[in-house]
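S.K.: Pasting a structure here, questions to come.
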Amino acid sequence: MLVVACCGAAALLALLRLGPRDEIPRAAPPLASGSESGQRVARVSAPTGHRVAARSVKGGAESHRPGPAGRSTIQGKTLKKLNVYQLIDLFVRARPNEAEAWLILDQIGSVCRTGQARSAGRFLAGLVRDSGVPDRVRGKALFELAMLTAKHEKLRREHDDLSSLLRPLALKLLRETVGPETLAAAAFAAGQLGETAAFHALERIAELPHTAKYEKAIRSALLAMEQLGQRRATDCAARLARKTPNLNVFRTAALVVGRGGGPRAVRMLIEIGPRFPGTHIVSAMLHECSASIHAMLQGNNKADVLSGIQAVATMDGVDLHSGLLKAVVAHAASPSAEIRDAAVKCVLDILEHYSPEQARAMLRRVWKLTRGRQLTKSVAHRLEELMRWG
Numbered sequence: 016m017l018v019v020a021c022c023g024a025a026a027l028l029a030l031l032r033l034g035p036r037d038e039i040p041r042a043a044p045p046l047a048s049g050s051e052s053g054q055r056v057a058r059v060s061a062p063t064g065h066r067v068a069a070r071s072v073k074g075g076a077e078s079h080r081p082g083p084a085g086r087s088t089i090q091g092k093t094l095k096k097l098n099v100y101q102l103i104d105l106f107v108r109a110r111p112n113e114a115e116a117w118l119i120l121d122q123i124g125s126v127c128r129t130g131q132a133r134s135a136g137r138f139l140a141g142l143v144r145d146s147g148v149p150d151r152v153r154g155k156a157l158f159e160l161a162m163l164t165a166k167h168e169k170l171r172r173e174h175d176d177l178s179s180l181l182r183p184l185a186l187k188l189l190r191e192t193v194g195p196e197t198l199a200a201a202a203f204a205a206g207q208l209g210e211t212a213a214f215h216a217l218e219r220i221a222e223l224p225h226t227a228k229y230e231k232a233i234r235s236a237l238l239a240m241e242q243l244g245q246r247r248a249t250d251c252a253a254r255l256a257r258k259t260p261n262l263n264v265f266r267t268a269a270l271v272v273g274r275g276g277g278p279r280a281v282r283m284l285i286e287i288g289p290r291f292p293g294t295h296i297v298s299a300m301l302h303e304c305s306a307s308i309h310a311m312l313q314g315n316n317k318a319d320v321l322s323g324i325q326a327v328a329t330m331d332g333v334d335l336h337s338g339l340l341k342a343v344v345a346h347a348a349s350p351s352a353e354i355r356d357a358a359v360k361c362v363l364d365i366l367e368h369y370s371p372e373q374a375r376a377m378l379r380r381v382w383k384l385t386r387g388r389q390l391t392k393s394v395a396h397r398l399e400e401l402m403r404w405g
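Everything in the sequence shown is counted per my numbering, starting at 16 for the first residue and increasing by one.
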């Protein structure tokens, strides 16, 4: 009887310690520093804002062994087998280091289903509010909260509950001095929520030093501004593209400018094109703006026609049978000497990338259109050389 009583008491104590399975702790214990040595999961380099596949944490037996400085590390837990409540419980009780915490939060975002979103959202919001949580983990928690909010947008009630958690957090963090990962996630959240009031804060983020430290935050701010207001975002992106020394920031800025569309975006892309020679993003965005370029080439405005010709000259991989090239060729017979020269030069630059057999028909068309019309000496000389070559 004594043995049975002892076993019963031990089981009751264990149940009291664990509590109900779906109870969500309000605050997590301090995270182990990412710089600690010892057995741990490999550091993950994927940036905030990008989902990675769930993966198992390295280790042997399913146990929590004391790590450095008395901290425990996760070993042998296959995260993809756990549900949201188990993952939260694991996060709170196992005291993960930065890399392990990042993986657990990523998996929470991956497996969260309808009905679990409010509980997961409250847990993630609690992590974001805690300024003692490392920047990388805090930023990941905020990003996952923003992703959950977007994911449940169709379910009005859940979306409202999550956005009421996310909105004040994102706006508050955008105006505070926080780490770059948290700042990037806050900018992403503001864009997701459509918070136009955050535009000035996003502009301030875009003016931070364009170093590797703030690169992600600046790029997130640019993309968020694009979601909030196209014209203002295009202006800011073009301004950054003209002066940034950072190639990745330049690529994002060019992307935002190009997606703005219209003749204005085309002229901006032509202007920033020479900043980083060999970068194909400007050419790619000009291809995206091909409808605008075609309209510019067919118009009567001289400045627009010249910009359209310059845009085609800046593009890589222009097809010989494309409507854009045919529109440029038609300007070889223009009464304007400036337009005529620009058109012929553009066509010759493109034809040099093709074989004589491929280029022959187009060369003959240009030759016929320019017959009896004056060209500058250098352009006329090139045309004659290519005609002999073809």
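Don't be surprised by glycine CBs; every beta carbon is placed ideally from N, CA and C.
Pair every Cβ in the segment 221–239 with every Cβ in the segment 171–183, then say whether three or more of these pairs are closer than 8 Å.
M.R.: No: fewer than three Cβ pairs fall under 8 Å.
S.K.: Just to confirm my understanding: we take His-309, look at its own chain, exclude 5 residues before and 5 after, and list those with CB closer than 7 Å. What are they?
M.R.: Locating residue 309 in the sequence shown gives position 294, where the first residue counts as 1. For His-309, where only same-chain residues beyond five positions count, the Cβ hits under 7 Å are Gly-338, Leu-339 and Ala-342.
S.K.: Buried or exposed for Gly-147, going by 16 or more other Cβ atoms inside 10 Å?
M.R.: The residue you call residue 147 lines up with position 132 of the sequence shown. Flag for Gly-147 reads exposed.
S.K.: Smallest Cα separation from Asp-121: which of Gly-130, Ala-109, Pro-149 and Leu-163?
M.R.: On the sequence shown, residue 121 is found 106 positions in, with the first residue counted as 1. Selected option, being the one with the closest Cα: Leu-163.
S.K.: If I follow the unbroken alpha helix (DSSP H) through Arg-386, where does it start and stop?
M.R.: Sequence index remark: in the sequence shown, residue 386 carries index 371 (1-based). From DSSP, Arg-386 is part of no alpha helix (DSSP H); its letter is neither H nor E.
S.K.: Could you pull out every residue in the same chain whose Cβ sits closer than 7 Å to the Cβ of Val-126, ignoring the five residues on either side in sequence?
M.R.: Taking the sequence shown and counting its residues from 1, one reaches residue 126 at position 111. The answer, listed in chain order, is Asn-98 and Val-99.
S.K.: Suppose you measure from the CA of Ser-87 to the CA of Glu-113; what does that come to, to the nearest Å?
M.R.: Translated into positions along the sequence shown, residue 87 becomes position 72. Translated into positions along the sequence shown, residue 113 becomes position 98. Because Ser-87 carries a pLDDT of 42, less than 50, the predicted location of this residue cannot be relied on, and the following value inherits that uncertainty. Distance between the alpha carbons of Ser-87 and Glu-113: 13 Å.
S.K.: Looking at the structure shown, is Asn-112 part of a helix, part of a strand, or coil, going by DSSP?
M.R.: The sequence position of residue 112 within the sequence shown is 97, counting from 1. Correct three-state label for Asn-112: strand.
S.K.: Report the rounded CA-to-CA distance for Pro-377 versus Arg-355, giving the unit in angstroms.
M.R.: Here residue 377 refers to the residue found at position 362 when the sequence shown is read from its first residue. Here residue 355 refers to the residue found at position 340 when the sequence shown is read from its first residue. Correcting the residue type first, residue 377 is Met in the shown sequence and not Pro. If you take the alpha carbons of Met-377 and Arg-355, they lie about 16 Å apart.
S.K.: Mind checking which residues open and close the alpha helix (DSSP H) that includes Arg-246?
M.R.: Your numbering for residue 246 matches position 231 in the sequence shown. Note, Arg-246: alpha helix (DSSP H), 245–258.
S.K.: Assuming contact is defined by CB atoms lying nearer than 8 Å, are Ala-280 and Thr-249 in contact in what I supplied?
M.R.: Here residue 280 refers to the residue found at position 265 of the sequence shown. Here residue 249 refers to the residue found at position 234 of the sequence shown. Closer than 8 Å, so yes.
S.K.: With burial defined as no fewer than 16 other Cβ atoms inside 10 Å of the residue's Cβ, what is the status of His-396: buried or exposed?
M.R.: Here residue 396 refers to the residue found at position 381 when the sequence shown is read from its first residue. So His-396 counts as exposed.
S.K.: Taking the beta carbon of Arg-234 as the centre, do at least 16 other beta carbons fall within 10 Å, making it buried, or is it exposed?
M.R.: To locate residue 234, count along the sequence shown from 1; it is residue 219. So Arg-234 ends up on the buried side.
S.K.: With a threshold of 16 other CB atoms inside 10 Å of the CB of Val-257, please say whether the residue is buried or exposed.
M.R.: The count along the sequence shown starts at 1 and reaches residue 257 at position 242. With the sequence shown as reference, residue 257 is identified as Arg, and Val is not the correct amino acid for it. The residue is exposed, with fewer than 16 neighbouring Cβ atoms inside 10 Å.
S.K.: Exposed or buried, which one is Arg-403 when buried takes at least 16 other CB atoms within 10 Å?
M.R.: Your numbering for residue 403 matches position 388 in the sequence shown. Counting Cβ neighbours within 10 Å, Arg-403 comes out exposed, since fewer than 16 surround it.
S.K.: Going by alpha carbons, who is nearest to Leu-118 out of Gln-131, Gly-130, Thr-129 and Thr-93?
M.R.: By 1-based counting over the sequence shown, the position of residue 118 is 103. Of Gln-131, Gly-130, Thr-129 and Thr-93, the residue nearest in Cα terms is Thr-93.
S.K.: Pop quiz: Ala-213 and Leu-237 are said to be a contact at Cβ under 8 Å. What is the actual Cβ separation, rounded to whole angstroms?
M.R.: Counting from 1 along the sequence shown, the entry for residue 213 is found at position 198. Counting from 1 along the sequence shown, the entry for residue 237 is found at position 222. 13 Å between Cβ atoms; not a contact.
S.K.: Say the cut is 7 Å; is the CB of Arg-397 nearer than that to a heavy atom of the ligand MG?
M.R.: With respect to the ligand MG, the structure shown offers nothing to examine, as it has no ligands at all.
S.K.: Short of 7 Å in beta carbon distance, which residues of its chain neighbour Ala-204, apart from the five on each side in sequence? Order them along the chain.
M.R.: The sequence position of residue 204 within the sequence shown is 189, counting from 1. Excluding positions up to five away in sequence, the list reads Leu-157, Ala-161, Leu-181 and Ala-185.
S.K.: Specify, as a first and last residue, the run of the alpha helix (DSSP H) that Thr-267 falls within.
M.R.: Within the sequence shown, residue 267 is the residue found at index 252, counting from 1. Run containing Thr-267: 262–275, per the alpha helix (DSSP H) assignment.
S.K.: Hey, His-302 and Met-330 are a contact pair by Cβ (cut 8 Å); roughly how many whole angstroms apart?
M.R.: Taking the sequence shown and counting its residues from 1, the one referred to as residue 302 is at position 287. Taking the sequence shown and counting its residues from 1, the one referred to as residue 330 is at position 315. That belief holds up - the Cβ atoms of His-302 and Met-330 are roughly 6 Å apart, short of 8 Å.
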